[in-house]
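Reading through the structure tokens given below for one structure.
So this is what it looks like as structure tokens:
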């Protein structure tokens, strides 16, 4: 076999491996079965309160609630789509973030969520959120501090918040809600009466949003 054919086969094999890894990374991450506390009730739709970070139009007609995990590959992919949605519908859509960290396989998911909400206390949740996803493969205590420095946060306040895990109750509250909603994988989107599991495409969300924006007959 000529060296040219060998090179071609190698490139084809490498391309296949990359495609497989991309496919695996884009799949929703299953969450292990969790036991709800005695106070947890079954819910049919998520709640939104003042502690949940939001972006988009404040008086938006459509709210998209996202349950996600900062170490979930499909969750990272979804952010690009959601940013595109907000650009396409700046006056009609808002995004609400809720944490559902899968700490059985993502050891940094909860620390990352705590850090993001500590940044939220200084008005920088979404900037911190974006940088967590950009550095998803290298998340660590050092990275949380570095991101805070890059965003010019008050480091004393940030360190005190993360070290005391002041924002852990917010994360736990979202987890309890995820259990009550019987979520089995991340990411999950709630939009209108629909629930979408996995990294939805822009076209998929566009069709739902356009249908919801149609005037009632």
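In our numbering, the protein residues as written are 22 to 238. Heads up, the beta-carbon is just placed ideally off N, CA and C, and yes, glycines get one too.
DSSP state of residue i mapped onto helix, strand, coil
i, result
"residue 178", "helix"
"residue 142", "coil"
"residue 87", "strand"
"residue 127", "coil"
"residue 69", "coil"
"residue 111", "coil"
"residue 80", "coil"
"residue 171", "helix"
"residue 98", "helix"
"residue 92", "coil"
"residue 188", "coil"
"residue 132", "helix"
"residue 156", "coil"
"residue 64", "coil"
Same chain, Cβ closer than 7 angstroms to residue i, five either side skipped, listed in chain order
i, result
"residue 114", "77, 78, 81, 83, 85, 106, 107, 230"
"residue 164", "156"
"residue 124", "130, 131"
"residue 60", "Legend: pLDDT at residue 60 = 49, less than 50; position of this residue unreliable, value from coordinates given subsequently. Once the five neighbours on either side are set aside, residue 60 has no close Cβ partner at all."
"residue 74", "118, 141, 146, 147"
"residue 112", "78"
"residue 223", "102, 105, 106"
"residue 96", "89, 90, 207, 208"
"residue 110", "230"
Cut-off 8 angstroms between Cβ atoms - residues of its own chain near residue i, not counting five sequence neighbours on either side
i, result
"residue 121", "52, 88, 89, 90, 195, 196, 199, 204, 207, 209"
"residue 62", "201"
"residue 216", "209, 210"
"residue 161", "129"
Sequence-distant residues of the same chain with beta carbon closer than 6 angstroms to residue i, five excluded per side
i, result
"residue 46", "Bear in mind that the predicted position of residue 46 carries a pLDDT of just 48, short of 50, making it unreliable; the figure below should be weighed with that in mind. Contacts found: 94."
"residue 150", "137"
Anticipated Cβ contact below 8 angstroms, residue i with residue j, distance rounded
i, j, result
"residue 70", "residue 138", "That pair is no contact at about 13 angstroms."
"residue 116", "residue 103", "6 angstroms"
"residue 175", "residue 143", "6 angstroms"
"residue 179", "residue 169", "5 angstroms"
"residue 233", "residue 213", "5 angstroms"
Cβ-based burial, residue i [other Cβ within 10 Å; buried from 16]
i, result
"residue 101", "exposed"
"residue 126", "exposed"
"residue 159", "exposed"
"residue 92", "buried"
"residue 128", "exposed"
"residue 152", "buried"
"residue 220", "buried"
"residue 141", "buried"
"residue 192", "buried"
"residue 67", "buried"
"residue 183", "buried"
"residue 185", "exposed"
"residue 133", "buried"
"residue 235", "exposed"
"residue 173", "exposed"
Residue i - partner residues in DSSP beta bridges
i, result
"residue 215", "212"
"residue 75", "117"
Any chain D beta carbon closer than 9 angstroms to residue i
i, result
"residue 166", "Annotation note: the requested chain D is absent from the structure, which comprises a single protein chain."
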